[in-house]
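Read through the structure below, which is laid out as structure tokens, and then see the notes.
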Ligand code: ADP
Ligand code: F6P
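In the working numbering, the protein residues as written are 1046 to 1370.
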């Protein structure tokens, strides 16, 4: 062990994501390997403020790597957005001897981690969200599983849309980001994708013209992927049916995308990120986010990470246009 023994807290916050358990397991096992103690903080920042902790050791994370969800539970905690909540959180950490906290969650949770660090508790953030909407990293825990779930749903819809010669609009998650929608559309061979990042006023007319012209040359069914940030899939379906005369259905696949056993990639990358987070705490670092970028695992200061802008991958955007002609 390179330093004095630390007590490391670990929590999951915001929307759950498949692979969070693999990250928790890696945090606990890496800490044990380095001779540190771990306290699991239940239900995100809510559990921190309510002093809901469990002592964790290597055995307490057995048999969880293949499970979706998060064994620590998660929440959204309004009180932690206030300065009083953040001061209280830091005081509770000191009361329990917690030296540093690994926060697994999305960009909202990163802000929480940054605020806790400002109150003197060392924090490291792990990007855990199905949305892939964090600019400093090309990978977030849960995206791979979620997008595979979305793709499988779109494939199934293609079967039934084909049998009935219908059009089907499938709405996928992503909050205000279109990464799940874009990847799902490419993987499914969808005819059109609506993305919040590129949506413009004439987009629906363009979509309708495309469906009409494909129909004219003999295409029997049509799959449209709609990102939830655009919304109103049922209205879009009605408009397509009215304007094209093709029977159209809408399907919102919703929270199914957040569940299920994580893919191999989610298990492996979540393990690498969780482990790196503990290495950083072991080295005495704080207010950093672990990431995967340009083919390697790395880390950034949270403030630097939050200042970066995430856009849709222009190569993938061009690809969907080229291949869905
Ligand atoms: P995600 O982490 O998935 O983006 P949220 O945006 O809902 O999800 O954030 C999760 C939690 O992180 C919030 O409920 C809150 O407890 C904490 N949080 C979010 N924003 C802040 C902030 N500005 N300051 C402190 N804590 C925050
Ligand atoms: O951030 C993950 C996510 O699943 C988004 O894709 C979606 O907009 C949101 O969370 C849904 O949140 P809730 O679980 O509160 O319905």
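Glycine included, C-beta positions come from ideal geometry on N, C-alpha and C.
Beta-carbon proximity of residue 1444 to residue 1068, cut-off 8 Å: The displayed coordinates of the chain run from 1046 to 1370. Any statement about residue 1444 would go beyond what the structure contains.
Contact test: residue 1348 Cβ vs the ligand ADP heavy atom, cutoff 7 Å: no
Residue 1176 Cβ short of 7 Å to the ligand F6P heavy atom set: yes
Residue 1258: CB within 7 Å of a non-hydrogen atom of the ligand ADP: no
Unbroken stretches of the alpha helix (DSSP H), 4 residues or longer, contained in the region 1269-1328: 1278-1289 and 1309-1327
Candidates 1121, 1238 and 1316: closest to residue 1222 by CA position: Closest option to residue 1222, Cα to Cα, is 1238.
Residue nearest to residue 1158 in terms of C-alpha spacing, selected from 1106, 1313, 1125 and 1187: 1125
Residue 1122 and residue 1098 closer than 8 Å at C-beta: Contact: no.
Assigned exposure category for residue 1309 - 16 Cβ within 10 Å defines buried: exposed
Beta-bridge pairing of residue 1336 - partner residues as DSSP gives them: Bridge partners of residue 1336: 1343.
Exposure label - residue 1359; buried when at least 16 CB within 10 Å: A residue is called buried once 16 or more other Cβ atoms fall within 10 Å of its Cβ, and residue 1359, having fewer, is exposed.
Own chain, CB closer than 8 Å to residue 1164, minus 5 neighbours either side, in chain order: Residues of the same chain with a CB within less than 8 Å of the CB of residue 1164, apart from the 5 flanking positions on each side, are 1131, 1132, 1134 and 1135 in chain order.
C-alpha distance - residue 1318 paired with residue 1210, whole-angstrom precision: Distance between residue 1318 and residue 1210, taken at the CA atoms: about 45 Å.
Backbone secondary structure at residue 1351 - three-state DSSP: Three-state result, residue 1351: helix.
Buried/exposed call for residue 1240, threshold 16 Cβ in 10 Å: buried
Rounded straight-line distance, which links the Cα of residue 1305 to that of residue 1046: With a pLDDT of only 45 at residue 1046, under 50, the local geometry of the prediction cannot be trusted, and no value is derived from it.
Buried or exposed (CB count within 10 angstroms, at least 16 for buried), residue 1065: buried
Counterpart residues of residue 1170 in DSSP-defined beta bridges: 1148 and 1334
Residue 1204 burial status per 10 Å Cβ neighbour count (16 or more: buried): Classification for residue 1204: exposed.
Contact test: residue 1223 Cβ vs the ligand F6P heavy atom, cutoff 7 Å: no
Collapsed DSSP secondary structure at residue 1143 in the structure displayed: Looking at residue 1143 - three-state DSSP - the assignment turns out to be coil, as it is neither helix nor strand.
Quiz: which residues have CB nearer than 6 Å to the ligand ADP non-hydrogen atoms: 1058, 1059, 1060, 1090, 1121, 1122, 1125, 1126, 1150, 1151, 1152, 1153, 1154, 1156, 1157, 1160 and 1174
Among 1269, 1314 and 1156, the one whose alpha carbon lies nearest that of residue 1293: Here the closest residue by C-alpha is 1269.
Euclidean distance between Cα positions of residue 1334 and residue 1057: 14 Å
Three-state secondary structure assigned by DSSP to residue 1364: helix
Limits of the unbroken beta strand (DSSP E) element including residue 1377: The shown model of the chain, from 1046 to 1370, leaves out residue 1377, and the question about it has no answer.
Inter-residue spacing [alpha-carbon to alpha-carbon] between residue 1150 and residue 1050: 26 Å
Classification of residue 1074 by the beta-carbon crowding that lies within 10 angstroms, buried from 16 upward: buried
Reduced DSSP category for residue 1132 - H, G, I as helix; E, B as strand; rest coil: Helix.
Which of helix, strand or coil DSSP assigns to residue 1099: strand
Which of helix, strand or coil DSSP assigns to residue 1075: helix
Residue(s) in a DSSP beta bridge with residue 1238: DSSP, once it has assigned bridges, lists 1270 as partnering residue 1238.
Distance, residue 1154 Cα to residue 1170 Cα: Cα-Cα distance, rounded: 8 Å.
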